[in-house]
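Numbering (the UniProt record's numbering), first residue to last: 1 to 344.
Positions of the beta carbon are idealized from the N, C-alpha and C atoms, including for glycine.
Computed from a predicted model, the values in this text were never measured in an experiment.
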């Protein structure tokens, strides 16, 4: 069994994203220390999967609660943060940055409502021309043109709580995790296209779209992770009950949609095969032995809640997980699983 790589950033953290750099495997972690100076830490894994190098960028704006990496410009990132003044008053903000050497150059600020208490997730669209931010009870859509950021629409949800959202890679839409339901919305008209009511017992914490199948999504909630077909969404196609506490992440592999990653505040990270519900299931080949559905692997070296995870942008077999104590663990899909998927 291959040994995972591990490092720590010495500060609490909840957010990790992969960097869209073809020639290197890189991830960025954002910290949220209450007293220490916060940072964005760029982590790079060498080609032999044996060493980790890091570059720290001081994030003087405050605690990083949401983080996004630009899909086409690897040196551009955005953060949502909480800052405090001398009197201890907290303020929420969001900025677009360029990583220069070992510092962050501010490119623009996102216009958030003054009453915003916290922003829980932020993502660029696939082409990087738009960005969305989930606020307490609203969804903000922005247009991005180089260093110019403009508010397009603030969609209020009244008393409903928006936990997170995801861009639909197959259309001009987003999926909003609102309370314990998922609402699908067209960002051109902001009209509701579909709703999965009562998707989870308590709260939906994350949504992710299958990269290869337009009608399939996965949700992470307080009770489980569930896979849904939007054409018949009265009940999930499959529910994963492996975790013992809240599931914070459920993320499809960006290329091989039979691979699914889940993390939880039970400190565990699980890699699952869901081949029977993937695009692979539609490609029938005689005599081909495919991976069976079920748990393929686990990461059990975290000691606190695992709030973040990400698949590598340049290597679909590498994934990273982040626990609240700042521990980052890099893992690779086992060789035998990789070969079965590739039919080698």
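- Along the segment 162 to 247, the alpha helix (DSSP H) does not occur as any fully enclosed run of 4 or more residues.
- The C-beta distance from residue 229 to residue 216 rounds to 6 angstroms, short enough to meet the 8 angstroms contact threshold.
- Per DSSP, reduced to three states, the secondary structure at residue 342 is helical.
- For residue 255, there is no enclosing beta strand (DSSP E), as DSSP marks it with neither H nor E.
- A residue is called buried when at least 16 other Cβ atoms come within 10 angstroms of its Cβ; residue 190 does not meet this threshold and is exposed.
- A straight-line Cα-Cα distance of about 12 angstroms links residue 252 and residue 313.
- With distances taken between CA atoms, residue 153 lies nearest to 141 out of 234, 160, 141, 164.
- Residue 260 and residue 306 have their C-alpha atoms roughly 16 angstroms apart.
- Here residue 343 is exposed: its Cβ has fewer than 16 other Cβ atoms, across all protein chains shown, within 10 Å.
- Residue 184 is not a Cβ neighbour of residue 162, given a cutoff of 8 angstroms.
- A direct Cα-Cα distance of roughly 14 angstroms separates residue 48 from residue 333.
- In the three-state reduction of the DSSP assignment, residue 44 falls in the strand class.
- The distance from the Cβ of residue 4 to that of residue 266 is about 18 angstroms, inconsistent with a contact at the 8 angstroms cut-off.
- Beyond the five residues adjoining it in sequence on each side, residue 33 comes within less than 8 angstroms, by CB distance, of 11, 12, 63 in the same chain, given in chain order.
- Checking the DSSP bridge columns, you'll see residue 155 partnered with 139.
- Between residue 255 and residue 72, the alpha-carbon positions lie close to 17 angstroms from each other.
- By the criterion of a C-beta distance shorter than 6 angstroms, residue 341 is surrounded in its chain by 256, once the five residues flanking it on both sides are discounted.
- Exposed is the label assigned to residue 109, since fewer than 16 other Cβ atoms lie within 10 Å of its Cβ.
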